[in-house]
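The numbering of the sequence shown is my numbering, which starts it at 3 and goes up by one.
The beta carbon of each residue, even a glycine, is placed where N, CA and C say it ideally should be.
Report on the following structure.
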Amino acid sequence: MQLVDQWNRRIRKLRVSLTDQCNLRCRYCMPLHPEFLDKSSYLTPQQYKEIIGELLDYGIEEVRITGGEPLVRQDFDEVIQELAKLKIPSLSLTTNGLLLHRYWDVLKAANVLNLNVSLDSLQPSTQAAIARRDCLADILRNIQEGIARGFSLKVNTVVMRGINDCELFDFVEFARKTGVTVRFLELMRVGYANSLYEEHYVSAQECIARLQERYTLTPLPAAPDSTAFYFTIDENVKVGFIASESQPFCSSCSRWRLTADGRLFACLFSEEGLSVRDKTPGQRQQIYQQLLGMKPLRRVEQVSHPMYGLGG
3 MQLVDQWNRR
13 IRKLRVSLTD
23 QCNLRCRYCM
33 PLHPEFLDKS
43 SYLTPQQYKE
53 IIGELLDYGI
63 EEVRITGGEP
73 LVRQDFDEVI
83 QELAKLKIPS
93 LSLTTNGLLL
103 HRYWDVLKAA
113 NVLNLNVSLD
123 SLQPSTQAAI
133 ARRDCLADIL
143 RNIQEGIARG
153 FSLKVNTVVM
163 RGINDCELFD
173 FVEFARKTGV
183 TVRFLELMRV
193 GYANSLYEEH
203 YVSAQECIAR
213 LQERYTLTPL
223 PAAPDSTAFY
233 FTIDENVKVG
243 FIASESQPFC
253 SSCSRWRLTA
263 DGRLFACLFS
273 EEGLSVRDKT
283 PGQRQQIYQQ
293 LLGMKPLRRV
303 EQVSHPMYGL
313 GG
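What follows is the structure in structure tokens.
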């Protein structure tokens with residue numbers, strides 16, 4: 003069985019949240035004192051293996067581990083070791099980078115070599131103001147160590163007017179210096195970012211126009227279902243943009259999301275998910291079919307639920 007919806011979109015990518023908890027409190031993501039899931043509701047490593055293994059048989063090809071912050075989960079190494087047994091064609095990780103130094107060997111052994119690191123400023127005070135924690139030095143140290151250890155790193159930067167949009171050139175030069183790919187993300191109208199959107203939103207096209215004042219951007223080909231589009235600068239610098247607001251990619255979206263408590267969501271902007279926890283394979287097959295019918299052709303403008311609970 004292939005997971006193909008009524009608009010002929012094949013679901014082949016799965017974002018998997020291991021926890022909704024995080025060791026940062028980024029202003030566009032969560033409040034200072036969020037309400038988290040009870041850890042007893044988390045899927046076990048074995049349940050992750052069972053559900054994801056089943057979805058591989060239905061055509062899932064790429065799995066990205068997310069959170070919250072996935073590395074704060076106490077049994078993170080066990081989850082990764084179980085997933086490694088599945089021989090997933092592409093298994094990657096999104097993280098804030100603070101705890102990477104604890105897990106280099108675990109990640110390497112599981113062939114999790116592609117890492118996305120969230121970093122919104124190269125200025126210590128600005129990064130601390132966004133994340134509500136002094137964390138820049140530790141993140142940069144782990145980025146450098148990851149490069150030295152042979153991991154492929156992308157840096158994800160949410161661009162916000164009046165906060166960090168003055169650092170576009172700095173991030174390009176950071177990419178030049180380190181060899182990482184930097185991706186500039188539009189602020190999305192999800193959860194706590196809604197309150198920041200009107201004042202701080204910057205479109206990808208505005209970012210591109212600003213960069214073109216100093217650099218020549220050469221477009222690169224992208225997969226039809228890619229969330230990002232990329233350019234090279236001076237041949238050896240690669241930058242990307244995720245324009246979720248100004249250029250939604252709903253018509254080619256190939257993603258589902260699995261939350262830490264076992265709910266599948268067809269879309270980041272969906273208010274309703276379907277639980278696959280403690281279900282038989284036959285019951286889950288029916289749920290997969292139902293979820294295909296719940297994937298919208300176009301997203302709604304905004305949602306109130308927090309992104310950290312859905313594996314943003």
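By alpha-carbon distance to Gly148, the top candidate from Asp172, Val108, Val160 is Val108. Under the three-state reduction of DSSP output, Gly193 falls in the helix class. Phe233 has Pro221, Val241 as its beta-bridge partners, per DSSP. Under the criterion of beta carbons closer than 8 Å, Val6 and Val65 do not qualify as touching, at roughly 19 Å. Non-local C-beta neighbours of Leu299 in its own chain, meaning closer than 8 Å and more than five positions away in sequence, comprise Trp9, Cys252, Ser253, ordered along the chain. Going by DSSP, Val18 is part of no alpha helix (DSSP H) but of the beta strand (DSSP E) stretching over 15-19. For the pair Ile165 and Ala195, the Cα-to-Cα distance works out to about 14 Å. For the stretch 24-78, the full-length beta strand (DSSP E) segments reaching 3 residues or more read 64-68 along the chain. With the rule of 3 Cβ pairs closer than 8 Å, the stretch 122-135 does not count as touching the stretch 42-62.
Fewer than three Cβ pairs drawn from the stretch 211-218 and the stretch 266-275 lie within less than 8 Å of each other, which leaves the two stretches out of contact.
Counting the other Cβ atoms within 10 Å of the Cβ of Asn144 gives 16 or more, which makes it buried. Apart from sequence neighbours up to five positions away, the residues of its chain that approach Pro250 with a beta-carbon distance below 8 Å are Arg300, Arg301, ordered along the chain. With a cut-off of 8 Å on Cβ pairs, the stretch 19-33 is not in contact with the stretch 54-64, counting fewer than three such pairs.
Just so you know, the alpha carbons of Asp140 and Leu20 end up roughly 22 Å apart. Going by C-alpha positions, Val241 is about 5 Å away from Phe233. DSSP, reduced to helix, strand and coil, places Arg212 within a helical segment of the structure shown. Minimum Cα-Cα distance from Glu37 among the listed residues Gln23, Gln83, Thr229 corresponds to Gln23.
Counting C-beta pairs closer than 8 Å gives fewer than three between the stretch 80-92 and the stretch 286-296, which falls short of the contact rule. Looking at Val114, Ser42, Ala230, Asp263, the one whose alpha-carbon comes closest to that of Leu93 is Val114. Membership of Thr183 in the beta strand (DSSP E) is indicated by the continuous run 183-187. Under the DSSP assignment, Val157 falls in the beta strand (DSSP E) whose first and last residues are 154-160. If you check the CB distance, Leu312 and Thr229 do not come in under 8 Å. Selection Tyr105, Ser154, Ala131, Ser205 evaluated against Val81 yields Tyr105 as nearest (Cα-Cα). Measuring C-alpha to C-alpha distances from Ala177 to each of Asp79, Gln4, Val239 identifies Val239 as the nearest. For Arg259, the enclosing beta strand (DSSP E) covers residues 257-260. Distance from the CA atom of Gly295 to the CA atom of Leu138, rounded to whole angstroms, is 43 Å. Assignment of Leu276 by DSSP, reduced to helix, strand and coil, places it in the strand class.
Here Thr96 is bridged, per DSSP, to Asn118. Assignment of Val204 by DSSP, reduced to helix, strand and coil, places it in the coil class. Put simply, the backbone Cα of Arg259 is about 6 Å away from that of Leu266.
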